[in-house]
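Just so you know, the sequence shown maps onto residues 271 to 580 in the working numbering. Even glycine gets a Cβ: it sits at the ideal position worked out from N, Cα and C. Structure first, then comments.
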Amino acid sequence: MQLNLPSPVQQLIDPIFAEKGLEVYIKRDDLIHPLISGNKWRKLKYLLQKAQSENKSHLVTFGGAYSNHLLATAAAAQFSGLHSTGIVRGEEVSNETLKQCHASGMTLIFTDRESYRDKQALFNHYFKNDADAFFIDEGGASAEGVLGCSELMDELDQEFDHIFCAAGTATTAAGIYQSIKNHELNTQLNIVSALKGGEFLLEEIQKYHSIDERLTLHTNYHFGGYAKSTDELLEFIISFYKQTNILLDPVYTGKMMFALYDLVKRNHLKPGSRILAIHTGGLMGLLGVKEKICKIDPDFKQILEQLCQK
Ligand SMILES: *Cc1c(COP(=O)(O)O)cnc(C)c1O
């Protein structure tokens, strides 16, 4: 398996950053691997090691129909010679993400939303008697996932005043925060919730660490909720791409970067600050807004077709 690690850090050039006296960089975890992109590789790394050390040959995990985590798990299992099963929330559907999961050898089981709530019960229902089965929580949320994500920080060769990161389960954020605390860095971690009602994310992080003033949770950039988007968000993603040649996804990284720009415009970031945005990947999410985004900018059709061919 070819992984592009350490992932590159690039400076983002935009007149607004110069005007506000800020240096802004982006860590391109989206370039780690086309299918196991971004934080998903980091979250799976130690889970895979644990499965293998326990001689488990069958990864079982959970996600929605557009889950980047399902896709990453399917691909990682295939590369490691393991079986995989994805338990998918909701009635049976088909889309690029699920097709790719299937192509990577993943068995898909669709389940109603009510049953989906209790992952452990679902696992027991299907795999109680399968000694090879290894449980991986939705989104890879786990102490192993936190540890893997904390390694992102070891790859940096300079310190930052602010780090921005999108959150779904906040496992990635917990990993970054772990490293900030362990290395006693003076870095402010800005977590941007991709979901409505993201206040619960603080509790998720507190499962791993006590929280201090170096952590800020932004809950107002969800654009209607998880996997919801607005024309304003999609227009931002288009203009960011034109400015930087970097694609963002509408579920996570688009919202994170929108928040960063918004806080810059509102002068919430002190002049002289050095800022790092984590590009956690997830570009397949763009396929979920294909029609909407192509309606705004027909040029995006070609860009999205290239995504499908990867
Ligand atoms: C899954 C995902 C996230 C969320 O990561 P958590 O560790 O669950 O908070 C963020 N960005 C992208 C692109 C993702 O696919």
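Using the rule of at least 16 other Cβ atoms within 10 Å of the residue's Cβ for burial, across every protein chain shown, is Leu292 buried or exposed?
It is buried - the Cβ of Leu292 has at least 16 other Cβ atoms within 10 Å.
For Glu421, which residues from the same chain have a beta carbon less than 6 angstroms from its beta carbon, with the 5 sequence-adjacent residues on both sides left out?
Here Glu421 has no same chain residue with a Cβ atom under 6 angstroms from its own Cβ, once five neighbours each way along the sequence are excluded.
Length at least 4, wholly inside the stretch 445-508: the alpha helix (DSSP H) runs in chain order:
Those alpha helix (DSSP H) runs which fall completely within the stretch 445-508 and span 4+ residues are 470-476.
Report whether the distance from the Cβ of Ala440 to the nearest heavy atom of ligand 3 is below 7 angstroms.
Inclusion of ligand 3 in the displayed structure is not the case, the ligand content consisting of ligand 1 alone.
Spatial neighbours of Cys578 in its chain, beta-carbon cut-off 8 angstroms, leaving aside the 5 residues before and after
Glu366 and Leu557.
First through last residue of the alpha helix (DSSP H) which encompasses Leu273
For Leu273, no alpha helix (DSSP H) encloses it, and the DSSP letter there is neither H nor E.
Any chance the CB of His339 is under 7 angstroms from a heavy atom of ligand 1?
Yes - ligand 1 has a heavy atom lying nearer than 7 angstroms to the Cβ of His339.
Using beta-carbon positions only, say whether Leu352 and His328 come within less than 8 angstroms of one another.
Between Leu352 and His328, the gap from beta carbon to beta carbon is short of 8 angstroms.
For ligand 1, is there a heavy atom less than 7 angstroms away from the beta-carbon of Lys310?
Indeed, a heavy atom of ligand 1 lies less than 7 angstroms from the Cβ.
Where the beta strand (DSSP E) through Ile433 begins and ends:
Counting along the chain, Ile433 sits inside the beta strand (DSSP E) bounded by residues His432 to Ala437.
Please list, in chain order, all residues of the same chain as Ile296 whose beta carbon is under 6 angstroms from its beta carbon, the five residues on each side excluded.
The answer, listed in chain order, is Gln280, Leu282, Ala547 and His549.
Use the C-beta contact count for Asn490: other C-beta atoms within 10 angstroms, 16 or more gives buried, fewer gives exposed.
Asn490 should be labelled exposed.
Which of the three DSSP states is assigned to Ile302 in this structure?
DSSP places Ile302 in coil when its eight states are reduced to three.
Should Thr216 be counted as a contact of ligand 1 given a C-beta to heavy atom distance under 7 angstroms?
Nothing can be reported for residue 216: it is not among the residues displayed for the chain, which extend from 271 to 580.
To the nearest angstrom, report how far apart Leu471 and Phe430 are at their CA atoms.
Roughly 23 angstroms separates the two Cα atoms.
Is Arg359 helix, strand or coil when you go by DSSP?
Strand.
Should Ala391 go down as buried or exposed, given a rule of 16 or more other Cβ atoms within 10 Å for buried?
Counting every other CB atom within 10 Å of its CB across the protein chains shown gives Ala391 a total below 16, marking it as exposed.
Provide the residue(s) that pair with Thr331 in DSSP beta bridges, ordered along the chain.
Beta-bridge analysis with DSSP links Thr331 to Gly356.
Buried or exposed: where does Thr500 fall if 16 or more other Cβ atoms within 10 Å of its Cβ makes it buried?
Exposed, since its Cβ has fewer than 16 Cβ neighbours within 10 Å.
If you reduce the DSSP assignment to three classes, tell me which class Lys297 lands in.
Strand at Lys297.
In whole angstroms, give me the CA-to-CA distance for Gly418 and Ala444.
For Gly418 and Ala444, the distance between alpha carbons rounds to 10 angstroms.
Run the proximity test for Ala436: is its beta-carbon closer than 7 angstroms to any non-hydrogen atom belonging to ligand 1?
Judged by the Cβ position, Ala436 qualifies as a neighbour of ligand 1 at the 7 angstroms threshold, a heavy atom of the ligand being closer than this.
Give a yes or no on contact between the stretch 468-487 and the stretch 506-514, applying the rule of three or more CB pairs nearer than 8 angstroms.
These segments do not touch.
Meets three-Cβ-pair contact criterion under 8 angstroms: the stretch 457-464 and the stretch 435-442:
Segments in contact, yes.
Ligand 1 heavy atoms versus the CB of Gly409: any closer than 7 angstroms?
Because some heavy atom of ligand 1 lies under 7 angstroms away, the Cβ of Gly409 counts as near it: yes.
In whole angstroms, what is the alpha-carbon distance linking His303 and Ala344?
So the two alpha carbons sit approximately 13 angstroms from each other.
Where does Ala321 sit, in a helix, a strand or coil, going by DSSP?
The answer is helix: DSSP assigns Ala321 an H, G or I state.
Check whether the Cβ of Tyr522 sits closer than 7 angstroms to any heavy atom of ligand 1, and report yes or no.
Taking non-hydrogen atoms of ligand 1 into account, the C-beta of Tyr522 is found less than 7 angstroms away from one of them.
CB contact flag (Val330, Phe405, <8 angstroms):
Against a cut-off of 8 angstroms, the Cβ pair of Phe405 and Val330 comes out as a contact.
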